[in-house]
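Asks: One structure, as structure tokens, below. Some questions next.
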Amino acid sequence: VQRAVFHADLGPTRYEILAMLIKLLREGGESPSRPMYAVEVGVQWGYTSAYLLDSIPTLQLLGVDSYQDGNDAKPLPTMLSITSRYGRRFTLLRQTCRALLLNSMIVLTSYSLTETTLTERLEMISSRGHQK
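Numbered per the working numbering, the sequence shown spans residues 3 to 134.
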């Protein structure tokens, strides 16, 4: 039984490594045209989100970006500019740490919902508490 595999072709940057690891998740028979879903916690400037969405055309990405009350960080305009070109493939959930924690309880208890219903729930939550 092989216990480990060394992937020399992952790439030298963390962006390339993340993209390749996500692509490796697809191996095992799933249709390459079927959407993949991922969550990025800590979007900040949006560069990792953009690289992943450019590298994986079927990726649907939920970006979770929290901030401290009263500290609406400088990266927001840049992040919105970078991620806006992906349309519905990128959903931003940006709220204060407290609001995000309360709303995440709703998401975590919704794991048995269908994919469509969960996506609708996430979009509803994100539209209540962030700028898009």
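Note that CB positions come from ideal geometry on N, CA and C, so glycine has one too.
Source: prediction; values computed, not measured.
When the distance is taken between beta carbons, is L23 closer than 8 Å to G65?
Replies: Not a contact, by the Cβ cut-off of 8 Å.
Asks: Can you grab the Cα-Cα spacing for the pair P34 / L55, in whole Å?
Replies: Taking the CA atoms as reference points, P34 sits about 15 Å from L55.
Asks: Could you check the C-alpha separation between D67 and T15 for me, to the nearest Å?
Replies: 22 Å
Asks: Can you have a look at I19 and say buried or exposed, based on whether 16 or more other CB atoms are within 10 angstroms of its CB?
Replies: exposed
Asks: On a CA-only basis, which of V45, Y39 and V3 is nearest P79? Give me that one, please.
Replies: V45
Asks: Can you give the Cα-Cα distance for A10 and L26, rounded to whole angstroms?
Replies: 13 Å
Asks: Can you tell me whether A21 is buried or exposed, with buried defined as 16 or more other CB within 10 angstroms of its CB?
Replies: buried
Asks: Out of W47, G89, R87 and A101, state which residue places its alpha-carbon closest to the alpha-carbon of P77.
Replies: Per the Cα distances, W47.
Asks: For F8, does the count of other Cβ atoms within 10 angstroms reach 16, so buried, or fall short, so exposed?
Replies: exposed
Asks: Of all the options Y53, I84, G89 and L61, which has the alpha carbon lying nearest to the alpha carbon of P135?
Replies: Here the chain comprises residues numbered 3 to 134, so residue 135 is not present and cannot be evaluated.
Asks: In the DSSP assignment, the beta strand (DSSP E) including E29 goes from what residue to what residue?
Replies: Run containing E29: none; DSSP gives neither H nor E here.
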